[in-house]
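Student: In full-length UniProt numbering, the protein residues as written are 1 to 138. Positions of the beta carbon are idealized from the N, C-alpha and C atoms, including for glycine. Quick caveat: nothing in here was measured; it's all calculated off a predicted structure.
Given below as structure tokens:
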């Protein structure tokens, strides 16, 4: 792994965050039902954190000499509460896996400062996974 390859992976992570933002916007607007009231508020918090994650990734990509992506991957549509939460959980679990790898890769490349910048994303994403698992009764 070289810095250029690492930047490409960070850009994929950035694109995934863009998907999260769009997905959470749709889900907070369309999920209905009393059983979802508290999780909708939680998803709104996740949404703000996803925007922060995207900003952090873009800043790190720029810092490393890359150009932050503007591509938004296709976002699946789900308006049923349980289906929407399952999609959110799947995406957050994938992002958690990727951030674990990214922190390790940054360390291997001698980019301790970048690894430290990514650690809050890793922790918040783990929190999102736990929140969504709880909401789904898992």
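When DSSP labels each residue in this structure, what does residue 130 get in the three-state scheme?
Tutor: helix
Student: Quick check: the stretch 13 to 20 against the stretch 54 to 72, are there 3 or more CB pairs under 8 Å?
Tutor: Taking 8 Å as the limit for Cβ pairs, the verdict is that the stretch 54 to 72 does touch the stretch 13 to 20.
Student: Can you give the Cα-Cα distance for residue 26 and residue 41, rounded to whole angstroms?
Tutor: One C-alpha to the other measures close to 13 Å.
Student: Can you tell me which of the three DSSP states residue 50 falls into?
Tutor: Of the three classes helix, strand and coil, the one that applies to residue 50 here is helix, per DSSP.
Student: If we count the other Cβ atoms within 10 Å of its Cβ and call it buried at 16 or more, is residue 103 buried or exposed?
Tutor: Classification of residue 103: buried, given that the 10 Å Cβ count is 16 or more.
Student: Pick helix, strand or coil for residue 75, following the three-state DSSP scheme.
Tutor: coil
Student: Going by other Cβ atoms of all chains shown within 10 Å of its Cβ, with 16 needed for buried, is residue 6 buried or exposed?
Tutor: buried
Student: Among 13, 107 and 86, which has the Cα closest to the Cα of residue 43?
Tutor: 86
Student: Which word fits residue 134, buried or exposed, when buried means at least 16 other C-beta atoms lie within 10 angstroms of its C-beta?
Tutor: Residue burial annotation: residue 134 is exposed, with fewer than 16 other C-beta atoms found within 10 angstroms of its C-beta.
Student: Rounding to the nearest angstrom, what Cα-Cα distance links residue 112 and residue 33 in this structure?
Tutor: The C-alpha of residue 33 is placed about 45 Å away from the C-alpha of residue 112.
Student: Considering residue 150, what are the terminal residues of the alpha helix (DSSP H) in which it resides?
Tutor: Coverage of the chain is limited to positions 1 through 138, which leaves residue 150 absent and any answer about it impossible.
Student: Report all residues from its chain with a CB closer than 8 Å to the CB of residue 126; omit the five preceding and five following residues, and keep chain order.
Tutor: 96
Student: Does any CB atom of chain D fall closer than 8 Å to the CB of residue 72?
Tutor: Absent from the structure is chain D; it holds one protein chain and no more.
Student: If you reduce the DSSP assignment to three classes, tell me which class residue 13 lands in.
Tutor: Helix at residue 13.
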